[in-house]
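Residue numbers (our numbering): 107 to 158.
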């Protein structure tokens, strides 16, 4: 069961990467997600530095 799960996960990751590289809309969504994560990390780090 673990081998099947691992193979499924690997195929899903590879499939998602192929779709993302071939789709401009998917690439844009990934970029927007990365920007949101960066903004949240900046906000959290600023809040943490203000507390210290």
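For every residue, glycine included, the Cβ atom is placed at its ideal position computed from N, Cα and C.
Residue 133 places its beta carbon less than 8 angstroms from that of residue 126.
Straight across, the Cα-Cα distance linking residue 150 with residue 115 is about 31 angstroms. In this structure, the alpha-carbon of residue 157 lies about 29 angstroms from that of residue 138.
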